[in-house]
Amino acid sequence: MSYPPSPKSDLLRKWIAPLMACVLVWLAPLAVQAQSAGAARDAAIAAWLADDELAGLRGLAELAQAGDAPAQTLLGLIDRHAALQGPAVLALPRADRIALLRAPGGLSGRNWLAEAAAQGDELARAWHALGGVAADLDVAAQFAALNEPRALAQALLTVAKRQERGFGRDILAQDWYPETLAFLSRNRTLAPEQAEKLHPGDPQRRYMDGQVPPKPALQDWLSTAPAALHLRAACAAVCPSEAGQCVLALYHALGNYEALLAHGSPANSLVPDAVLADSPRGRAALGRRIMLMRSTRMREAERLKLSEISACAADWLAAQFVSHTPRRIPKAE
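What follows is the structure in structure tokens.
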């Protein structure tokens, strides 16, 4: 048996249809705006990766100032990670550099991560939390959930350093905990059964017996290990005829295994690590990272040592050091 519609249901239909129409009219411009911001963000990131540094960063800065949280996050991370700042940024006067990379406020501007975190951006919130003194393993777990491998490595290394000890077996057994950081146990050692699971050239093996892996084994590990992606990409581009030796030289130039794990895209969701590694900006960031780890005198001494492994890699690093060294322009008399 069917029943005639009640006056109440007629009244609801009368009001719901216009209300839904109004909602759709209100949401449509927001969708277009989000799509437009996404396209502009992609264009800015592409310019930055292609080493049109200032054009890319200015595009991100415009979006950040307009409230785009992903742009704020990436700009905040570039500001925080000096290796991601290239020659064009370094050549800017301090005031211009602050205006480009930071949000207004304070004596030196404010890092954009705080703004993006306040908007609820999960990656920004995790990075912002890692910068605080209370950062703990919850931050690392959040990076793991966000599929941010380089940020995860940085978080675990940071927490271990702050607490002046490694992690217990219960932490190392977590599904999200990376095998590349198995050495961060309570006493910074690997049990023989743990080491047996590793590649013979894996640098972590020295945490079992204190022995550095043999050079051939280390080279073989570097040739395939995901952690060495940026080394392989740089050498394939700048030293293809001696790529294997180049990768080994750059690994030694980085100085240690921990630096290798942490180097890469701090925002894999915005700039995939493989995309950064294969770009001019990614190669420059690797050179800049190595440069920042040594004084001018140490760089020259290191260059001579690296030349014995790969003259091409040593020459490329020397060129990177020159390009990333700001030069003062003499004032006109």
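Heads up: the sequence shown runs through residues 2 to 334, numbered per my numbering.
The C-beta atom is built at its ideal place from N, Cα and C for all residues, glycine as well.
Exercise for review: Starting from the C-beta of leucine 287, find all residues in its chain whose C-beta is less than 6 Å away, skip the five residues before and the five after it, and write them out in chain order.
Suggested key: The beta carbon of leucine 287 is closer than 6 Å to those of His231, Ala235 in its chain, skipping five residues each way along the sequence.
Review point. DSSP on alanine 32, reduced to helix/strand/coil?
Key: With a pLDDT of 45 at alanine 32, under the threshold of 50, the modelled position of that residue is not reliable, and the figure given next carries that caveat. Looking at alanine 32 - three-state DSSP - the assignment turns out to be helix.
Check your understanding: So leucine 138 and isoleucine 172 are in contact, right, with Cβ under 8 Å, and what is the actual spacing, rounded?
Key -> Yes, they are in contact, since the Cβ atoms of leucine 138 and isoleucine 172 sit about 7 Å apart, within 8 Å.
Practice item. Have a look at alanine 372 and glutamate 180 and give me their C-alpha separation to the nearest angstrom. Key: Nothing can be reported for residue 372, as the shown portion of the chain is limited to 2 through 334.
Review point. Can you name the start and end residues of the alpha helix (DSSP H) that threonine 326 belongs to?
Key: Taken as a continuous stretch (DSSP letters only), threonine 326 belongs to no alpha helix (DSSP H), as it is neither H nor E.
Check your understanding: Among the residues of its own chain, which have a CB less than 7 Å from the CB of aspartate 279, if the five just before and after it don't count?
Key -> Excluding positions up to five away in sequence, the list reads Ala234.
Exercise for review: Go through its chain and collect everything with a Cβ distance to valine 24's Cβ below 8 Å, but skip five positions before and after it.
Suggested key: Any answer about valine 24 is weak, because its pLDDT of 47 lies below 50 and its placement is not dependable; what the coordinates show is given next. Same-chain partners within the cutoff: there are none.
Exercise for review: Let me know if glutamine 164 comes out buried or exposed under the rule of 16 or more other beta-carbons within 10 Å of its beta-carbon.
Suggested key: Burial call: exposed.
Review point. Hey, out of Ala174, Pro201, Leu307, whose CA is closest to leucine 249's CA?
Key: Out of Ala174, Pro201, Leu307, Leu307 has the C-alpha closest to the C-alpha of leucine 249.
Exercise for review: Quick one: grab the DSSP three-state call for arginine 111.
Suggested key: Look at arginine 111 here: in three-state DSSP terms it is strand.
Exercise for review: Scan the region 107-176 and note each continuous alpha helix (DSSP H) run of 4 residues or more that stays entirely inside, going in chain order.
Suggested key: DSSP runs (the alpha helix (DSSP H)) wholly in the region 107-176: 113-119, 123-131, 138-146, 150-164, 170-173.
Check your understanding: With distances taken between CB atoms, is the gap from glutamine 66 to glutamine 120 smaller than 9 Å?
Key -> Not in contact: glutamine 66 and glutamine 120 (Cβ atoms no closer than 9 Å).
**Study point:** Chain-order list of residues whose beta-carbon lies under 8 Å from that of lysine 216 (same chain, five-residue window excluded)
**Key:** Around lysine 216: Leu249.
Practice item. Check the DSSP bridge columns for serine 186 and list the partner residues they point to. Key: Answer by DSSP bridge pairing, in chain order: Phe168.
**Study point:** Proximity to alanine 51 [Cα-Cα], best of Ala38, Gly169, Glu303, Ala285
**Key:** Per the Cα distances, Ala285.
Review point. What residues are listed by DSSP as bridge partners for alanine 104?
Key: In the DSSP assignment, alanine 104 forms a beta bridge with Arg111.
Practice item. Go through its chain and collect everything with a Cβ distance to phenylalanine 168's Cβ below 6 Å, but skip five positions before and after it. Key: Closer than 6 Å at the Cβ level, and outside the excluded window around phenylalanine 168, lie Leu185.
Practice item. Under 8 Å by Cβ, that's how I've got glutamate 259 and leucine 158 pegged, so tell me the actual separation to the nearest angstrom. Key: The C-beta separation of glutamate 259 from leucine 158 comes to about 6 Å, placing the pair in contact by the 8 Å criterion.
Point to revise | Closest by C-alpha distance to arginine 289, when choosing among Leu64, Ser270, Ala254, Val272 | key: Nearest C-alpha to arginine 289: Ala254.
Review point. Expressed to the nearest angstrom, what Euclidean distance is found between the alpha-carbon atoms of arginine 304 and leucine 219?
Key: Approximately 20 Å between the Cα atoms of the pair.
Check your understanding: Can you check whether the CB of glycine 77 is closer than 9 Å to the CB of tryptophan 128?
Key -> Using a Cβ distance threshold of 9 Å, tryptophan 128 and glycine 77 count as a contacting pair.
Check your understanding: On the three-state DSSP scale, how would you describe tyrosine 178?
Key -> DSSP places tyrosine 178 in coil when its eight states are reduced to three.
Review point. Using the C-alpha atoms, what's the distance from alanine 130 back to valine 140?
Key: Cα to Cα, valine 140 sits roughly 7 Å from alanine 130.
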